[in-house]
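Reviewing the structure listed below.
Numbering (the working numbering), first residue to last: 95 to 395.
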């Protein structure tokens with residue numbers, strides 16, 4: 095008789111609003127050993143499971159939970175399976191992982207793996223995006239408004255508030271050994287090529303170029319920046335990308351020099367880092383359970 099397949103360890107973030115749905119889907123599958131974990135213990139639990147020889151580890155939660163688990167696994171041979179359980183689930187959506195719990199669990203139990211690129215900034219891993227400037231203020235304002243208005247309404251209100259109060263900062267970017275000096279309200283860095291038109295503005299392009307996609311808006315005056323911002327809202331970033339104020343390029347490495355400690359958004363979380371900010375792309379650094387490539391092509395075709 096053949097031995098039954100071992101249970102796949104599954105980590106459920108108990109603070110996630112979709113924890114109950116995750117438990118139900120995992121229990122119905124019968125293929126998982128569920129560990130209910132507080133957010134502060136996720137990284138340690140992932141490392142423990144990997145050290146014990148777990149070949150595949152499922153993690154249920156939002157982008158922050160997945161990023162925490164990924165950082166713990168990035169130097170491990172263990173495979174990461176994702177059960178999306180957040181508000182936006184950028185990482186899962188970008189990679190074609192279903193946000194329907196039953197479908198994600200099915201993929202996690204039997205799907206194949208591929209290497210996925212990640213970004214690093216001063217040694218900290220990010221899966222999706224990082225930025226300096228206006229987006230940091232946006233997150234802070236949104237978090238304050240969210241207590242009264244909910245996530246989506248708070249996001250819209252915060253975006254327009256920041257748009258009308260843009261602040262310029264002096265930064266020096268070093269790209270391929272060449273220095274570029276800007277006064278800008280925002281430097282955006284995304285893992286993988288990003289869309290420049292609505293409704294996919296800022297989203298990873300499936301099958302797009304590998305690298306760190308850097309976008310910078312060159313500041314000239316607040317009035318001009320406001321006009322560009324409104325144009326982006328109305329027509330998409332493609333209209334702005336054709337102006338001399340906007341630069342977009344894809345690189346493997348980037349250094350951002352600033353005159354002070356930097357407040358940086360990393361996958362939506364705000365952290366303080368010492369300048370300079372050293373960004374690098376780590377190719378195929380994370381092994382993730384993914385849908386077959388032909389299914390992704392069918393979705394985008």
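Where is the CB? At the ideal position from N, CA and C, for every residue including glycine.
Just so you know, these numbers come straight off a predicted model, no measurement behind them.
Where residue i and residue j are concerned, what is the direct C-alpha to C-alpha distance, given to the nearest angstrom?
i	j	result
residue 234	residue 134	21 Å
residue 245	residue 239	8 Å
residue 287	residue 187	15 Å
residue 159	residue 182	12 Å
residue 225	residue 262	14 Å
residue 131	residue 241	25 Å
residue 363	residue 255	20 Å
residue 102	residue 200	12 Å
residue 139	residue 100	18 Å
residue 129	residue 206	23 Å
residue 219	residue 165	6 Å
residue 121	residue 104	11 Å
residue 204	residue 384	10 Å
residue 54	residue 302	The shown model of the chain, from 95 to 395, leaves out residue 54, and the question about it has no answer.
residue 300	residue 386	13 Å
residue 333	residue 259	Model confidence at residue 333 stands at a pLDDT of 46, short of 50, so the residue's coordinates are unreliable; what they give is reported in the following sentence. Whole-angstrom Cα-Cα distance: 22 Å.
residue 174	residue 118	20 Å
residue 192	residue 345	29 Å
residue 354	residue 216	15 Å
residue 271	residue 285	21 Å
residue 243	residue 306	34 Å
residue 153	residue 198	11 Å
Tell me which residues share the same chain as residue i and place their Cβ nearer than 6 Å to its Cβ, disregarding the 5 neighbours each side in the sequence.
i	result
residue 365	358
residue 374	214 and 347
residue 161	221 and 361
residue 329	Low confidence applies here, because residue 329 scores a pLDDT of 46, under 50, leaving its location unreliable; read the following figure in that light. If we look at residue 329 and ignore the five residues flanking it on each side, it has no Cβ neighbours.
residue 141	166
residue 296	288
residue 170	144
residue 210	380 and 382
residue 172	144, 148 and 151
residue 343	308
Which residues mark the beginning and the end of the alpha helix (DSSP H) in which residue i is found?
i	result
residue 117	113-123
residue 303	Residue 303 -> no alpha helix (DSSP H), and no H or E assigned at all.
residue 159	157-167
residue 191	Run containing residue 191: none; DSSP gives neither H nor E here.
residue 172	Segment: none, residue 172 is in no alpha helix (DSSP H) and carries neither H nor E.
residue 144	136-145
Assuming residue i contacts residue j under a Cβ cut-off of 8 Å, what Cβ separation, rounded to an integer in Å, is found between them?
i	j	result
residue 157	residue 180	5 Å
residue 223	residue 151	In fact, because the Cβ distance is near 24 Å, the residues do not count as touching under 8 Å.
residue 208	residue 382	7 Å
Looking at chain D, is there any beta carbon in it that lies within less than 8 Å of the beta carbon of residue i?
i	result
residue 365	Absence of chain D from the displayed structure is noted, only one protein chain being present.
Please return the same chain residues whose Cβ sits closer than 8 Å to the Cβ of residue i, not counting the five positions on each side in sequence.
i	result
residue 147	none
residue 281	225, 226, 227, 265, 267, 308, 309, 310 and 350
residue 115	179 and 195
residue 356	226, 350, 366, 367, 368, 369 and 371
residue 127	101, 102, 103 and 104
I'd like the span of the beta strand (DSSP E) that includes residue i, first residue to last.
i	result
residue 377	371-384
residue 230	Residue 230 -> not in any beta strand (DSSP E); alpha helix (DSSP H) instead, spanning 228-243.
residue 213	206-215
residue 359	356-360
residue 104	102-107
residue 278	272-278
residue 366	363-367
residue 351	347-351
Out of the options, point me to the one whose CA is closest to residue i's CA.
i	options	result
residue 202	177, 231 and 371	177
residue 251	297, 231 and 168	231
residue 352	171, 274, 376 and 289	274
residue 110	155, 143, 145 and 144	155
residue 377	184, 174, 168 and 173	168
residue 212	354, 107 and 304	304
Excluding the 5 residues preceding and the 5 following residue i in the sequence, name in chain order all residues of the same chain whose CB lies nearer than 7 Å to its CB.
i	result
residue 112	179
residue 236	248, 249 and 252
residue 88	An answer regarding residue 88 cannot be provided, because it is not within the stretch 95 to 395 covered by the chain.
residue 136	105, 107, 159, 162 and 163
I want to check one thing, is the minimum distance from the CB of residue i to the heavy atoms of the ligand HEM below 7 Å?
i	result
residue 127	The ligand HEM is not part of this structure, which contains no ligands at all.
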